[in-house]
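Here's the structure we're looking at; comments come further down.
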Amino acid sequence: MNDVTLSINGKAVSAATEPRVTLLDYLRDVAGLKGTHAGCEHGVCGACTVLVDGDPVRSCLMLAVQAEGVDITTIEGIGGLGARAGELGIIQDAFCEAHGLQCGYCTPGMILAAEALLSVNAAPSEHDVREAISGNICRCTGYVQIVEAIMLAAKRLRQRNDTSAPDLTPA
Ligand code: FES
Ligand code: FES
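Start counting the sequence shown at 662; every next residue gets the next number (our numbering).
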């Protein structure tokens, strides 16, 4: 085993790791970040989605050794988007408000897919949102409220970034 050092949510994590260990297992078992969920573990469901240099990636299909030298963001590291320490970010808050989750198993992957979309498209259409989450399976919601949550988050992020508009960020 060789040491594998990864940059996760802005912090370096290092551990002796076998080459066969997936990024998903490294995040959960080595880094202790259980918010990245293991679903199908063969690239179908999207529950394991993380951001790699800002792009959504299925961490069950990537080896930990392949992730050296890139920036990884997990659900635990996403609160900074519009949030103070310990608070929900704007996207997370919108999921709660629009009832975009039930059991929550798909939710971290959905939120990271939304984060990736909204970081490059501030005013997505419903079609854009559905396409962005098309690789993420939800067995509970029927997707309608997830789409509503992401559209709500997009609106709030635009309002936050528009200094002439009233601040609607929750106090
Ligand atoms: S657990 Fe990775 S895609 Fe399902
Ligand atoms: S909320 Fe249960 S799988 Fe999506």
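Glycine residues also receive a C-beta, built at the ideal position from the N, C-alpha and C atoms. Only a predicted model underlies this, so the values are computations on that prediction, with no experimental measurement involved.
Around the beta carbon of D664, fewer than 16 other beta carbons lie within 10 angstroms, which makes this residue exposed. Distances between the C-beta of G696 and the heavy atoms of ligand 1 are all 7 Å or more.
S668 sits in a strand when the DSSP states are folded into three classes. When secondary structure is reduced to three states using DSSP, I807 falls in the helix class. Spanning the alpha carbons of E679 and D754 requires a straight line of approximately 38 Å. Rounded to the nearest angstrom, the gap between the Cα atoms of G696 and V805 is 23 Å. Around L722, the same chain offers G704 as residues with beta carbons nearer than 7 Å, after the five sequence neighbours per side are excluded. Around the C-beta of R689, 16 or more other C-beta atoms lie within 10 Å, and the residue is accordingly described as buried. Relative to the non-hydrogen atoms of ligand 2, the Cβ of Q763 comes within a distance shorter than 7 Å of at least one.
Note that the C-beta distance between A759 and L813 is below 8 Å. A Cβ-Cβ distance of about 3 Å is found for the pair G707 and N797, placing them in contact under the 8 Å criterion.
The beta carbon of K816 sits closer than 8 Å to none of the beta carbons in its chain outside the five residues before and after it. Bridge pairing for A728: absent [DSSP]. In the assembly as shown, T824 is an exposed residue. Its beta-carbon has fewer than 16 other beta-carbons within 10 Å.
A distance below 6 Å between beta-carbons, with the five flanking residues on each side excluded, links A793 to the following residues of its chain, in chain order: A774, L778. Per DSSP, reduced to three states, the secondary structure at R719 is strand.
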